[in-house]
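Just below is one structure, and these are the notes that go with it.
Protein chains: 2
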Amino acid sequence: MDIEQPTPFRAFRDFRWDEVACLPYKEDGAAPFKAISRQVLFAEPQLGCEWRYFEMAAGGYSTLERHEHMHAVMILRGRGLCLVGETVRPVQAFDLVTIPSWTWHQFRATEGEPLGFLCMVNALRDRPQLPTEQDLAALKANPTIAAFLTQA
Amino acid sequence: MDIEQPTPFRAFRDFRWDEVACLPYKEDGAAPFKAISRQVLFAEPQLGCEWRYFEMAAGGYSTLERHEHMHAVMILRGRGLCLVGETVRPVQAFDLVTIPSWTWHQFRATEGEPLGFLCMVNALRDRPQLPTEQDLAALKANPTIAAFLTQA
């Protein structure tokens, strides 16, 4: 028996779960982000994937980044804005977001309330890439993206 | 570009999602179940996992089964009862359930309302095993499980 396996039933209470630690969003602070936490709900090796919950306080945002691996996302709490590639879209509870390979993406809690989302990801994945100054300039050439990136 | 990939944003409405088909629970009717549907939210090969949503109408239930692969579950809608191994537990929205390898499990919408849950599973997995008459007798030797198995 794998002693790493969680107990079968873990209750939910106010966007926390029994036995699940509320962690910093990233292990280091080299990438820009604001007011966001991470909870790892499932990470058993035999699943092949990890299932995490990220939550931003009002005004918070995830890192603007891209990578080879894809993300499968479901909004779980609140409302906000999401950038995927060239598109900025309002999102709200239970909406689905697919982040394809090598696509710039960011979530922002723009509506004066927390924004929380579930994210499923392959356990074997590459490290995220941050935008260079040139990448940022190219993104900001799109006025919708420029406005999104400066929203609090 | 993989034309199988869903569009980045798929909106939620009343426990259905844009572009997501509402399917029969199983492809064949050899296993017992009642009033339950399946929606596949994410199944891109590069994820390594599939992310599905199953929903039972009031009085419905999933198949009582076990298998080598594990399930990672989050209740998304309503309340009901869940059997995992020797334990029957009330579950409600956002609770987590871990189904370990070779563990009998079943969900039942016992509270006069629908019960819906998200289930993450490895894309490569074995077929479920149904209980034999002997397995059922052994399960029903536990009065709590016997009562659970006859609940509507």
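Chains as they are written, first to last, in this note's numbering: chain G, 1 to 152; chain B, 153 to 304. Even for Gly, the Cβ is constructed at its ideal location relative to N, Cα and C.
Original post:
Leaving out five residues before and five after G:D169 in sequence, what residues of the same chain have Cβ atoms less than 7 Å from its Cβ?
Top reply: Residue numbering for chain G in the displayed model covers 1 to 152; residue 169 of chain G lies beyond these limits and cannot be assessed.
Original post:
Among residues of its own chain, excluding the 5 on either side of G:A21, which ones have a beta-carbon nearer than 8 Å to its beta-carbon?
Top reply: In the first sequence, the residue the question calls residue 21 of chain G occupies position 21. For G:A21, where only same-chain residues beyond five positions count, the Cβ hits under 8 Å are Q39, V40.
**OP:** Starting from G:L136, trace the alpha helix (DSSP H) both ways and give me its first and last residue.
**Re:** What you label residue 136 of chain G is simply residue 136 of the first sequence in a count that begins at 1. For G:L136, the uninterrupted alpha helix (DSSP H) segment begins and ends at 133 to 140.
Original post:
So, is G:E44 buried or exposed, given that buried needs 16 or more other C-beta atoms within 10 angstroms?
Top reply: Here residue 44 of chain G corresponds to residue number 44 of the first sequence, with the count starting at 1. Burial is judged here by how many other beta carbons sit within 10 angstroms of a residue's own beta carbon; G:E44 has at least 16 and is buried.
**OP:** List the DSSP bridge partners of G:A72.
**Re:** Here the question's residue 72 of chain G lines up with position 72 in the first sequence. Beta-bridge pairing links G:A72 to G:T98, G:M120.
Subject >> Whole-angstrom distance between G:S101 and G:N122, CA atom to CA atom >> reply: Sequence index remark: in the first sequence, residue 122 of chain G carries index 122 (1-based). Sequence index remark: in the first sequence, residue 101 of chain G carries index 101 (1-based). Each residue's Cα considered, the two are about 12 Å apart.
Original post:
Listed from N- to C-terminal order along the chain, which residues in the region 29 to 54 of chain G have their beta-carbon within a distance smaller than 8 Å of any beta-carbon of chain B?
Top reply: Answer in chain order: L41, F42, E44, Q46, L47, G48, C49, W51.
**OP:** Apply the 10 Å Cβ neighbour rule to B:T284 and answer buried if 16 or more other Cβ atoms are within range, or exposed otherwise.
**Re:** Counted from its first residue, the second sequence places residue 284 of chain B at position 132. Looking at its Cβ environment, which holds fewer than 16 other Cβ atoms inside 10 Å, B:T284 is exposed.
Original post:
Distance, Cα to Cα, B:Q157 vs G:M120?
Top reply: Taking the first residue of the second sequence as position 1, residue 157 of chain B is located at position 5. Taking the first residue of the first sequence as position 1, residue 120 of chain G is located at position 120. Going from the Cα of B:Q157 to the Cα of G:M120 covers about 15 Å.
Subject >> Own chain, CB closer than 8 Å to B:A298, minus 5 neighbours either side, in chain order >> reply: Taking the first residue of the second sequence as 1, we reach residue 298 of chain B at position 146. Here the set comprises L291, K292.
**OP:** Please confirm if G:D126 has its CB atom under 8 Å from at least one CB of chain B.
**Re:** Stepping through the first sequence from its first residue, residue 126 of chain G is reached at position 126. Chain B places no beta carbon closer than 8 Å to that of G:D126, leaving this residue out of the contacts.
Subject >> Straight-line Cα distance separating G:F54 from B:W203 >> reply: Taking the second sequence and counting its residues from 1, the one referred to as residue 203 of chain B is at position 51. Taking the first sequence and counting its residues from 1, the one referred to as residue 54 of chain G is at position 54. Cα atoms of B:W203 and G:F54: separation of roughly 17 Å, rounded to the nearest angstrom.
Original post:
Does the count of Cβ pairs from the region 257 to 268 of chain B and the region 217 to 231 of chain B closer than 8 Å reach three?
Top reply: Because the criterion of three Cβ pairs below 8 Å is met, the region 257 to 268 of chain B and the region 217 to 231 of chain B touch.
Original post:
Among G:M56, G:Q46, G:A31, which residue has its Cα nearest to the Cα of G:C82?
Top reply: Position 82 of the first sequence, counted from the start, is the residue given in the question as residue 82 of chain G. Checking every option, the nearest Cα to that of G:C82 belongs to G:M56.
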